[in-house]
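Under the UniProt record's numbering, the residue at position 56 of the sequence shown is numbered 56, and the numbers go up by one with no gaps. For glycine and all other residues, C-beta sits at the position ideal for the given N, C-alpha and C. Computed from a predicted structure; not experimentally measured.
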Amino acid sequence: MLTAFLYLIGATPSGIDPVPMVLWITSLLYLWAISSSRLFTITPIAKNAIFNSINNGVMVLDESLKLIEFNEAGEVLFPELHVSMYGMNAEKVWLALTGEDLPTELRVANYTGEVEVELSGRKDKRIYQVRTASLQATLNSKREGLLWIFTDVTEVKKLQVQLEYQAYYDELTQVLNRRAFFERCEQEYTKARDSGTAFTVILLDVDYFKRVNDTYGHYVGDQLLKHVAQFYQEQLQDMLFARYGGEEFIIGLKGMTATDGEVLADHLRQSISNKPLTTEEAMISVTVSSGVAEATFEVGETLQRILNHADKALYRAKQDGRNRVRVYEGLSRETVD
């Protein structure tokens, strides 16, 4: 303002306009002030600090899907990641990091999913949750790049698998528990009913289990249950087998009649009687009693009713002296001794 006023009243020498020169000097002073205050350098430093403080691994790709940047967490998740990969296309980057082809989902924006990665130098596989995000100047502008955001969820997945296992498997015997049996057996029963296929259950009980517990203690009793469970699991393989509770176990047999179940139960009964449990205290003989019941698929029948029938047959087997098989008398009075 002052230099312009002096120019207008003719106070400047030879009519020279000092305004441009003053503006130039002022600009130099502004540049010096900005530079000395590090305004231009603080923003990139802050950006870089924030970028590297993110716990998730981040890789930045340009519009042609070439790697242009990654953060420190990305290096931790992918030890092979290196600045020498800058400018490398996404396919080559992914191949170098994982030894696998780039999943199609990682080429597009707004994807969230999981990818299992086996990294070189590590024996275990890692599971990463992957999200992609588009880089755009404005909401409606053209995509200028792509973000890959990785979260290591391996331990979370392991915990999830562990919890699911604990929910469906018996802690002592490591076979299916009662809850899991009911869930799966209901499905098999429904399939059998809908397809007109036979369906049978076998409920078995370890004979004189209380006597073993009282004589040798609960530790040996637990070993006996594990011994029986392991034997039956090996014999039945893919058949539906579970610990029903206490010293009772149960088998679901889709496609088998009561007669088939009776034959199978008796074969298993005889086989396990030749497999005593050897402990430090003694060699303990093992016998089981079994009750067999077949589904009739009559109106109103439920899986629980079939199990009740098998339980009645089991009770009769124990009443008749144990170490034998009985079929629910509503279907058959035949016995196998």
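C-beta atoms of residue i and residue j nearer than 9 Å
i           : j      : result
Ser285      : Asp205 : no
Thr257      : Ala198 : yes
Val201      : Leu253 : yes
Glu281      : Tyr328 : no
Thr112      : Arg131 : yes
residue 340 : Val93  : Only positions 1 to 337 of the chain appear in the structure, and residue 340 is not among them; the question remains open.
Asn323      : Asp207 : yes
Leu146      : Leu61  : yes
residue 349 : Ala313 : In this structure the chain extends from 1 to 337, so residue 349 is not present and cannot be described.
Val153      : Tyr128 : yes
Leu236      : Ile250 : no
Ser271      : Phe209 : no
Leu102      : Leu95  : yes
Glu186      : Leu303 : yes
Thr98       : Val117 : yes
Ala192      : Gly261 : no
Glu63       : Glu144 : yes
Chain-order list of residues whose beta-carbon lies under 7 Å from that of residue i (same chain, five-residue window excluded)
i           : result
Leu172      : Asp222, Leu225, Lys226
Gly330      : His309
Asn89       : Leu65, Lys66
Met59       : Leu67, Phe70, Gly74, Trp148
Glu234      : none
Val115      : Pro103, Tyr128, Val130
Lys157      : Ile127
Ile54       : Asn71, Ala73
residue 345 : The displayed coordinates of the chain run from 1 to 337. Any statement about residue 345 would go beyond what the structure contains.
residue 399 : Residue 399 lies beyond the residue range present for the chain, which begins at 1 and ends at 337; the question has no answer from this structure.
Gly245      : Arg178
Which residues DSSP lists as bridging residue i, in chain order
i      : result
Val130 : Gly113, Phe150
Lys47  : Lys47 pairs with nothing; no bridge assigned.
Lys66  : Asn89
8 Å CB neighbourhood of residue i in its chain, flanking five on each side removed
i      : result
Trp32  : Only weak support exists for where Trp32 lies, its pLDDT of 49 falling under 50; the coordinates are left without a value.
Met283 : Pro276, Leu277
Thr279 : Tyr216, Val220, Gln223
Asp311 : Leu203, Gly291
Ala109 : Thr132, Ala133, Ser134, Arg143, Leu146
Glu164 : none
Arg316 : Gly291, Arg326, Glu329
Same chain, Cβ closer than 6 Å to residue i, five either side skipped, listed in chain order
i      : result
Ala229 : Thr173, Val175
Glu72  : Asn52
Gly87  : Lys66
Gly321 : none
Asp214 : none
Glu248 : Asp205
Glu91  : Leu102
Trp24  : At Trp24 the pLDDT is 42, less than 50, meaning the model places this residue with poor confidence; the figure from the coordinates comes in the next sentence. None.
Lys318 : Ser289
Ser273 : Thr287
Met85  : Leu67, Val93
Residue i CB to nearest heavy atom of the ligand MG below 8 Å
i      : result
Thr278 : You won't find the ligand MG in this model; it holds no ligand whatsoever.
Give, in chain order, every unbroken run of the beta strand (DSSP E) that is at least 3 residues long and sits entirely within the UniProt domain "GGDEF" (197 to 330).
199 to 206, 240 to 245, 248 to 254, 288 to 294, 325 to 327
Okay, do the stretch 163 to 180 and the stretch 76 to 92 touch, 3+ Cβ pairs below 8 Å being the bar?
no
Those runs of the beta strand (DSSP E) which lie wholly inside the stretch 70 to 119 and span at least 3 residues
Note on the stretch 70 to 119: whole beta strand (DSSP E) runs with a minimum of 3 residues are 112 to 117, in chain order.
How do the stretch 179 to 186 and the stretch 291 to 301 stand: do at least 3 beta-carbon pairs fall below 8 Å, yes or no?
no
Start-end ranges of the alpha helix (DSSP H) lying completely within the stretch 151 to 183, minimum 4 residues:
For secondary structure counted as the alpha helix (DSSP H) over 4 or more consecutive residues, the stretch 151 to 183 holds these complete runs in sequence order: 154 to 168.
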